[in-house]
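Those letters in the sequence shown? Residues 0 to 674, by numbering that gives the first Met the number 0.
Yeah, the Cβ is synthetic: ideal placement off N, Cα and C, and Gly gets one too.
From a predicted model like this one, the values you see are computed outputs, not experimental measurements.
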Amino acid sequence: MEMYNVGIWGYSFASIAYIIFSLLILAAHNQSSIAKWVLFSAFMAAVANVIAALQITFSFSLQWAMLADAIKVAAFAVFILSFNIEKGTVREILKNKTVSKYLSFCFGAMVICWGANYIFDFSYEYLFLLFVILNLTSLVLLEQLYRGAHIEAKKSITPLVLALGSVAVFDFVLYAQASMVGGIEFDFWYVRGYLSALAVPLLLICIRRFKEGSVRIFVSRNVVFYSSMLMIAGLYLLLMALAGYVINYLGGEWGQLVSFGFFILGSIVLAVLLITDTIRRQVKVFISKHFFANKYEYREEWLELIGKIEATSAEEYYQMSLQIMMSKVDATGGVILKAISNNRFSVKYFNDMTLDESFDKDLVLLKNFTKNHGWIIDINEYSEDPLIYPGLFIHAKIWRKAGVNILVPISIGKAFYGFFVLSNLNEHNKLNWEDRDLLFAIAKQLGNFISLNEANDKLAESKQFDAFNRMSAFLVHDLKNIQAQLGLITSNATQHRDNPEFVDDVFETVESATERLAKVLAQLRNKQVAQSDSKKVDLSDIIERVIAQRNVMEPRVVLSNKEQCLATIDDERFFSVMNHLIQNSQEATANNGWIKVTLEKQPNNIKIIVSDNGCGMSEAFIKTRLFKPFDTTKGNAGMGIGVYEAKQFFESVAGSLTVESIEGQGTKMIIVLPI
0 MEMYNVGIWG YSFASIAYII FSLLILAAHN QSSIAKWVLF SAFMAAVANV IAALQITFSF
60 SLQWAMLADA IKVAAFAVFI LSFNIEKGTV REILKNKTVS KYLSFCFGAM VICWGANYIF
120 DFSYEYLFLL FVILNLTSLV LLEQLYRGAH IEAKKSITPL VLALGSVAVF DFVLYAQASM
180 VGGIEFDFWY VRGYLSALAV PLLLICIRRF KEGSVRIFVS RNVVFYSSML MIAGLYLLLM
240 ALAGYVINYL GGEWGQLVSF GFFILGSIVL AVLLITDTIR RQVKVFISKH FFANKYEYRE
300 EWLELIGKIE ATSAEEYYQM SLQIMMSKVD ATGGVILKAI SNNRFSVKYF NDMTLDESFD
360 KDLVLLKNFT KNHGWIIDIN EYSEDPLIYP GLFIHAKIWR KAGVNILVPI SIGKAFYGFF
420 VLSNLNEHNK LNWEDRDLLF AIAKQLGNFI SLNEANDKLA ESKQFDAFNR MSAFLVHDLK
480 NIQAQLGLIT SNATQHRDNP EFVDDVFETV ESATERLAKV LAQLRNKQVA QSDSKKVDLS
540 DIIERVIAQR NVMEPRVVLS NKEQCLATID DERFFSVMNH LIQNSQEATA NNGWIKVTLE
600 KQPNNIKIIV SDNGCGMSEA FIKTRLFKPF DTTKGNAGMG IGVYEAKQFF ESVAGSLTVE
660 SIEGQGTKMI IVLPI
């Protein structure tokens, strides 16, 4: 009798609480469709609690209380679904496809279960099963609502989720146990009213925070995953309840004890399964394959890519591009390669990975293949079956030895730019079509991103050269004076025939300087570089002449390993840039130091090395300043374009200029030119 009173008071309190809640909604004069549906749901909750209190008092059939409770559960479920419906009337909410499906399902389940209840002589097990399903559905809807809402909306709906979720969990456990043992545990039934009453303040807080339309559900892959896990848990417990019922029915006096133990054991097994990573991964894979058209959330991938690009500084665009691409395949190393000629590539940025000259031939083949087919190259896939890549013949072993897994071509428009070369020594999985689509889309965007920044760099250089051209106009006058002075000396040279012979050589040198100055003046007046005049020359002869001219000052320059090295090149520009590079070495080396120029003829290339034991340069200086125009360490004595011009010249003839240097030990300038 004491528990009866507890139940009556509990449901009475809940009834009063929901009636007050309904009056507060009416007093707010909110005419929105959601407010009206909240009012209806609160009214049904009040009715359900009144009928439950009357049932305890007058002992009529529990079915009436359960019928009112089912309508209340359905009303709150529609309220949850309405968060993701555009503003409209209550009728429009009910006509919504999702709401209509839910109500049809709910009504059909109620008809079937109540029909089975009457057919099988008022067997309540079917009604218990109905409420297990209804409450499980409510939990899934709440979980989707919370996970799909944005951060601000979550703050508003948290009280709602706590209120309705706690009631749904309690009822789910109550009816699941009832299904298992064949009857309701009335001690729990009597305290339901108090839990229902406690939910009212939370609902009131939620309604005060809530603005219509502010919560939108985005059904992401993670939402479906967690909802699926919740549904699996519910269905598993439902099966356990049915098994417990069978055991209880067949077990006689020990049936209840055995079924309860079976239920506890099954719950433990379920918890272990849900916690295990393998099971969770398998469920995720199953959902991705059968419930989603795409493996990736492209909206999230795109927003993440745009966010990283926007946060990139102008100096770090190569680094960020490589990091973005590496993150998509969990690569441990990578390189950005840019094609600078038909058979040469330049490393624009690298991370924990280097490629030496042994990869050059394969890179040319890969370049031609990707230009024709536009495919991403999966080295693991190629190693297993090279015929997948028709017409491609590369040395897969050297790539795998270097840890390279993937080569993603970079294209800007229809023009080939280069490769993202990605490595992961611990990864041996092959790419599927969705991986390739994602990498293609990202590489396309990053290619445009790199191209834009390179264009900005060239524009900045162009502006610097514009300033140089303006400055050159002021130098023309000074250069004219120098030319006039040198011309005067040349014209009077015949008056000094009685001087020693070396004076004649000096005058010849002055005459040569006059001609060169005249050529420079012509270029400055025209504001453009003179057209290249390439011809086949012996590079060793030109270098000898440069060394002879430079040896008028200390330290002296030594030419080693001289041999005929024929190349088609502009001999005047080659003379000029070599003169500048050797001059730099002399200025960086003490008078008692040494400078050596080495020529090495290779099967396809000519290698020239200018080495010294001077002061050397830091790695940071080489990367950031050495090849940057107008950046000089000589103060007013230098323009800062000598090394830059040399690099541009050698690359214009499909060659290269690289530098190796150690501070305090010396420098090597390595020039490679095609034969």
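Opening and closing residue of the alpha helix (DSSP H) in which residue i lies
i	result
G107	96-118
F127	124-147
Y348	First-last for Y348: 344-350, but that is the beta strand (DSSP E), not the alpha helix (DSSP H).
Y316	316-327
E380	378-383
K595	K595 -> not in any alpha helix (DSSP H); beta strand (DSSP E) instead, spanning 594-600.
I397	395-400
Proximity to residue i [Cα-Cα], best of the options
i	options	result
L173	A64, V131, A196	V131
S617	T666, N591, D570	T666
E356	Y348, F12, R343, N367	R343
R298	G390, I449, A440, F464	A440
E142	N550, L163, L129, T353	L163
L126	A67, Q62, Y101	Q62
G412	L445, I397, V110, W398	L445
A67	A44, F171, S410	A44
I449	D436, L437, S410	S410
K443	A454, K462, D456, Y416	Y416
E303	M324, V166, I661, Q318	M324
M577	G306, A645, T567	A645
F744	V199, L362, D456	Outside the modelled stretch of the chain, which goes from 0 to 674, sits residue 744, for which no answer is possible.
S195	A547, I156, A41, G147	A41
L336	T311, L365, F573, T136	L365
M552	Q582, E659, P602	Q582
M109	V89, L144, K96, A69	A69
Residues of its chain near residue i, where Cβ-Cβ distance is below 7 Å and the 5 sequence neighbours each way are ignored
i	result
S651	none
F39	A74
G613	S584, A587, T588, G592, G665, T666
Q563	D537, S539
D318	Looking at the sequence provided, one finds Gln at residue 318 rather than Asp. Cβ neighbours of Q318 beyond the five flanking positions: Y348.
F464	none
L128	C112, S178
Limits of the unbroken beta strand (DSSP E) element including residue i
i	result
I674	Looking at the DSSP string, I674 is not in any beta strand (DSSP E), and its letter there is neither H nor E.
S655	655-661
I156	Segment 150-180 is the alpha helix (DSSP H) holding I156; no beta strand (DSSP E) there.
N367	Segment 359-372 is the alpha helix (DSSP H) holding N367; no beta strand (DSSP E) there.
L336	332-338
N604	604-611
K622	No beta strand (DSSP E) contains K622, which DSSP labels as neither H nor E.
A414	414-422
L391	Premise fails: L391 is in no beta strand (DSSP E) and is neither H nor E.
V403	403-411
6 Å CB neighbourhood of residue i in its chain, flanking five on each side removed
i	result
P158	L201, I204, C205
I183	A177
V46	A67
L161	L201
V557	K595
D532	D569
A636	Bear in mind that the predicted position of A636 carries a pLDDT of just 45, short of 50, making it unreliable; the figure below should be weighed with that in mind. There are no such residues.
S14	A45, N48, V49
Same chain only: Cβ atoms within 8 Å of residue i, ignoring 5 sequence neighbours per side
i	result
I7	A52, I55, T56
D186	M2
V98	V77, L80, S81, I84, I92
I378	A395, W398, R399, V403, N404, I405, L406
N116	Q62, S122, Y123, Y125, L126
- Using 8 Å as the Cβ pair cut-off and three pairs as the minimum, do the segment 49-56 and the segment 22-30 touch? no
- Task: Tell me, please, whether the segment 413-423 touches the segment 384-403 by the rule of three or more beta-carbon pairs shorter than 8 Å.
- Result: yes
- Task: Starting from the N-terminal side, write out each stretch of the alpha helix (DSSP H) that is 4 residues or longer and does not extend beyond the segment 529-576.
- Result: 538-549
- Item | Length-filtered (4 minimum) alpha helix (DSSP H) runs lying within the segment 35-67 | none
- Task: Please determine if the segment 384-398 and the segment 427-436 are in contact, where contact requires at least 3 C-beta pairs separated by less than 8 Å.
- Result: no
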